[in-house]
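Note sheet for the following structure.
Number of protein chains: 2
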Amino acid sequence: MEGISLEELQLAARNHGMPLEALRYPVTPVGLHYLLIHFDVPDVDVDEWRLTVRGEQELTLDLDDLKQRPRLELAVTMECAGNGRAWLDPRPTSQPWLLEAVGTARWGGTPLRPLLEEAGWGKGAVEVLFTGLDRGIDGGIEQSYERALSLEEALRDEVLLAYEMNGAPLPPQHGFPLRLVVPGWYGMTSVKWLSEIDVLDEPFDGYQQAQAYRMRQEEDEEGTPVERIVPRSLFVPPGIPEFLSRDRHAEAGEHVIEGRAWSGLAPIASVEFSTDDGSTWQPAELDPQEGRWAWRGWRYRWQAEPGSYVLCSRARDEGGNEQPLDPPWNLGGYSNNAVQTVNVTVSD
Amino acid sequence: MEGISLEELQLAARNHGMPLEALRYPVTPVGLHYLLIHFDVPDVDVDEWRLTVRGEQELTLDLDDLKQRPRLELAVTMECAGNGRAWLDPRPTSQPWLLEAVGTARWGGTPLRPLLEEAGWGKGAVEVLFTGLDRGIDGGIEQSYERALSLEEALRDEVLLAYEMNGAPLPPQHGFPLRLVVPGWYGMTSVKWLSEIDVLDEPFDGYQQAQAYRMRQEEDEEGTPVERIVPRSLFVPPGIPEFLSRDRHAEAGEHVIEGRAWSGLAPIASVEFSTDDGSTWQPAELDPQEGRWAWRGWRYRWQAEPGSYVLCSRARDEGGNEQPLDPPWNLGGYSNNAVQTVNVTVSD
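Protein chains in written order, with our numbering: chain A, 1 to 348; chain B, 1001 to 1348.
Quick look at the structure:
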């Protein structure tokens, strides 16, 4: 791996992944869930804060108004579109994620659809734009963080305006007082510190939609938008770590490897496990699926004999999408779901 | 800066700093407080968990026993001894902290001293050893994470066995169900996932005490132990950030720069602010000190005119200890409290 630059390190020191041993929790505790904040965590005075929704009419709501609306709580696995970026060669310069940019929370709030229906939309409506209070410069353009969804996606029943995470008010870093949660999509879609929702008659062409988060090989390509999460599986590394290398050391005998797998494209169909760096694969045992939008648990009983191993797992979804062994390259470093590998030395 | 290695990046992706805008909170929200975990977050079953204290007699306590003891809550600023390491040249290989390895929490629990007094100690007692449940390999040695304090330090009134952080049970990553909190000392002393406390008749010579966390210039030096936090000040960067460089862009006019300063050696005496990279300094205004062990707020009213600036701040404590402009080098990369610099472009 070519050395990480100061700019990349500054991002890595601010934003953080989920340590892989936290895969043991079906719902990720606050502070272990991954975070990617483009600009700064804004300083929001909740008494002053309002959500403005502009469709055929304009609605203005405070947090109490939102809490009095129908309530929906969903466990949702969220992953950063840049997860896996640091393994690409050459490495696109941005947040240098390895594998850990994921987490699952119980997001509590109110569904978006009834609110949009109340605001209404005309025949020409095509998209819904979500604007956050976080502001900065990206790609040379000063901007509030903004992303749009097609009207069809925005009207899905499970799209949520969340004011709670794991049963408590949103922490500042996860979007207090309100954020969008779009199950199945990469995290950039789930706009934090939400302040405005606008029904649009034309596709949104702001920076985070038209420039960033597109799959392309060359700068001047239009590319295709990054949207739904492609399948991935990760597992709790067995044994104990070496501080610096994070290589693992385990004792001989049975190790029950526990992991989780998810896909925004279709439900998880299978997970396979390998102890020889992907040369041979064995089926893992799947836990029941606990709701479509949260990761699915799995386990593999490994009879470990003394020696050196490279452990890895590979998920496939019901759409036939499967994790590759080698990462496909793209300019922005998105959607790299190549299999995780973990080096383990087993001793007597 | 020479490129960061994969090993350093792996640590940076697991452990995280406090984004500097979070300096606005006198008590750092959970998930924004810095984290440094040497090995893995252990999986603790609180029903099985016990604290064993071995002095002249052996005490065994569960979490309810601890909660029934006298209660103490203290706001404590904690900082990693490796904060600032990544600025050193050559850079010691470990967690590559820039500036953000700090946070302040309200730690709630029971004072250590009465528990030690109950266990008792003999005439020969010199140190108290604290053992955590986190286990791994460091410096080639398999170990539980362990650190000792002199008996005198361990008996300070403000040394705490904490089972709460900011009014809630400790999160897993901060040491659930119980951790040590030693106000004024770098974080490595405040052992997480505490399981054993042993009064020792001889100085502890385990890896984290005798090898790591010592100030030395050469490998074969004995060096001096890293203990109390040297003074540092940090501030909320004004204006808005550029995503990648984190350089700031602000409008002309008055900016009230808000910062915090702390020292484990003595109370903060003064903070100075510079807009020209430390060539000239102006006094900042100090907030009242809210208790000895939490950082002290300060502010500086900056009349910003169009141009380019390098902002920095420098704290001095009542012991006369002051932040240097250039980082002093040492082999482990500890205690680098050189002044923070922030690049700002001010436009009309």
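Cβ atoms here follow ideal geometry from the backbone N, Cα and C, with glycine treated the same way.
As the structure is a prediction and not an experimental result, all values here were calculated from the model.
Check, Outcome
"With 16 as the cutoff for other CB atoms within 10 Å, does T131 (chain A) come out buried or exposed?", "buried"
"Identify the residues that DSSP records as bridge partners of Y1300 (chain B): which are they?", "B:I1257"
"According to DSSP, is P1172 (chain B) part of a helix, a strand, or is it coil?", "helix"
"DSSP state of D276 (chain A), grouped into three classes?", "strand"
"Could you tell me which whole alpha helix (DSSP H) segments of length 4 or greater appear in the segment 49-92 of chain A?", "63-67"
"What is the DSSP secondary structure of Y1034 (chain B), reduced to helix, strand or coil?", "coil"
"When we look at the beta-carbon of T1077 (chain B) and count the other beta-carbons within 10 Å, is it buried (16 or more) or exposed?", "buried"
"To the nearest angstrom, how far is the alpha carbon of T345 (chain A) from that of R1301 (chain B)?", "57 Å"
"Can you look up Y1207 (chain B) in the DSSP assignment and give me helix, strand or coil?", "helix"
"Pull up the DSSP beta-bridge partners for N343 (chain A), would you.", "A:V310"
"So the beta strand (DSSP E) R232 (chain A) belongs to, where does it begin and stop?", "R232 to F235"
"Run through chain B and tell me which residues come within less than 7 Å of G31 (chain A), C-beta to C-beta.", "V1030, G1031, P1171 and Q1173"
"For a test of your reading of the model: does the CB of R1296 (chain B) fall under 7 Å from any non-hydrogen atom of the ligand COA? Yes or no.", "In the structure on display, the ligand COA does not appear, and there are no ligands present to speak of."
"Is the CB-CB distance between P111 (chain A) and L72 (chain A) below 8 Å?", "yes"
"Use the C-beta contact count for L1011 (chain B): other C-beta atoms within 10 angstroms, 16 or more gives buried, fewer gives exposed.", "buried"
"Can you pull the chain A residues whose beta carbon is under 9 Å from the beta carbon of E1007 (chain B), in chain order?", "L244, S245 and R246"
"For M165 (chain A), which of helix, strand or coil comes out of DSSP?", "strand"
"Show which residues of chain B have a CB atom less than 8 Å away from the CB atom of L98 (chain A).", "L1009, Q1010 and A1013"
"Quick check: the Cα distance between E1221 (chain B) and H1038 (chain B), rounded to an integer number of angstroms?", "24 Å"
"Might you give, ordered along the chain, the residues of its own chain that have their beta carbon closer than 8 Å to the beta carbon of L63 (chain A), omitting 5 neighbours on each side?", "V46, W49, Y163, P177 and L178"
"Consider the Cβ of F39 (chain A): report whether some Cβ of chain B lies at a distance smaller than 8 Å.", "yes"
"Where W298 (chain A) and H255 (chain A) are concerned, what is the direct C-alpha to C-alpha distance, given to the nearest angstrom?", "13 Å"
"How would you label D40 (chain A), buried or exposed, when you count the other beta carbons within 10 angstroms and need 16 or more for buried?", "buried"
"By Cβ distance, which residues of its chain are closer than 8 Å to A1080 (chain B), with the 5 residues on each side in sequence left out?", "Note that residue 1080 (chain B) is Cys in the sequence shown, not Ala. For C1080 (chain B), where only same-chain residues beyond five positions count, the Cβ hits under 8 Å are Y1034, L1036, Q1095, W1097, A1101, V1102, Y1186, G1187 and M1188."
"Going along the chain, which residues of its own chain have a beta-carbon closer than 7 Å to the beta-carbon of A1250 (chain B), five neighbours each way excluded?", "P1238, G1239, A1304, V1344 and V1346"
"Give the range of the beta strand (DSSP E) segment to which E1219 (chain B) is assigned.", "Looking at the DSSP string, E1219 (chain B) is not in any beta strand (DSSP E), and its letter there is neither H nor E."
"Buried or exposed for A284 (chain A), please, with buried defined as at least 16 other CB atoms from any protein chain shown within 10 angstroms of its CB.", "buried"
"Could you pull the DSSP bridge partners for I1229 (chain B) from this structure?", "According to DSSP, I1229 (chain B) bridges with nothing at all."
"For R1135 (chain B) and E219 (chain A), what's the separation of their Cα atoms in angstroms?", "47 Å"
"For the beta strand (DSSP E) that P1111 (chain B) lies in, which residues bound it at each end?", "V1102 to P1111"
"Does DSSP put G136 (chain A) in a helix, a strand or coil?", "strand"
"Taking G120 (chain A) as the reference, which of A:D247, A:N336 and A:I197 has the closest Cα?", "A:I197"
"Within 10 Å of its beta-carbon, does K123 (chain A) have 16 or more other beta-carbons around it, so buried, or fewer, so exposed?", "exposed"
"Compare the Cα-Cα distances from V1128 (chain B) to each of B:S1279, B:G1175 and B:R1054 and report the closest residue.", "B:R1054"
"Please report the straight-line C-alpha distance between Q57 (chain A) and D1317 (chain B), rounded to a whole angstrom.", "58 Å"
"Any idea what DSSP makes of P114 (chain A), helix, strand or coil?", "helix"
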